[in-house]
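Just below is one structure, and these are the notes that go with it.
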Amino acid sequence: MNTIPALEIKRRGISIVDDQIESGPVHVIKNNRPQYVVMSEDRYQAMIDDMNQARELCIKASLEEAVAGQTRQGSAEALIREIFSAD
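Quick note: the sequence shown, position 75, residue 77 per the numbering used here, numbers continuous.
The following block contains the structure:
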């Protein structure tokens with residue numbers, strides 16, 4: 003994992019991230035914990051595209067289950083009762 007302290011960015015500017023970002027996202031450390039992630043625009047767009055594709059696949063699978071009759075209707079209250087009665 004590429005990391006850089008936030009204070010280092012403050013001192014030297016964001017250009018310090020340029021070298022590290024070539025090998026992947028850079029985690030910015032603030033108060034001794036990762037707080038932010040900096041990545042290239044290409045990597046960000048690829049991540050968004052992957053997330054959108056995964057969401058579409060989930061929706062498609064849900065629709066296929068509904069068409070196949072593999073769903074049932076109920077209320078949130080009934081679902082909660084079912085979950086807690088399974089114990």
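Using N, Cα and C, we set each Cβ at its ideal position, and we do this for glycine too.
With distances taken between CB atoms, is the gap from residue i to residue j smaller than 8 Å?
| i | j | result |
| --- | --- | --- |
| VAL30 | ILE6 | yes |
| LYS32 | ALA8 | yes |
| THR73 | GLU79 | no |
| VAL19 | VAL39 | no |
Spatial neighbours of residue i within its chain, please: C-beta separation below 8 Å, excluding the five flanking residues on both sides.
| i | result |
| --- | --- |
| SER25 | ASN4 |
| GLU10 | ILE18 |
With distances taken Cα to Cα, identify the nearest neighbour of residue i among the options.
| i | options | result |
| --- | --- | --- |
| ALA48 | ILE18, PRO27, SER87 | PRO27 |
Which partner residues of residue i appear in the DSSP bridge assignment?
| i | result |
| --- | --- |
| PRO36 | ILE31 |
| ASN4 | VAL28 |
Could you name the residues of the same chain whose beta carbon sits closer than 7 Å to that of residue i, not counting the 5 residues immediately before and after it, in chain order?
| i | result |
| --- | --- |
| GLN22 | ASN4, ILE6, VAL28 |
I want to check one thing, is the minimum distance from the CB of residue i to the heavy atoms of the ligand FAD below 7 Å?
| i | result |
| --- | --- |
| ILE6 | This structure does not include the ligand FAD; it has no bound ligands of any sort. |
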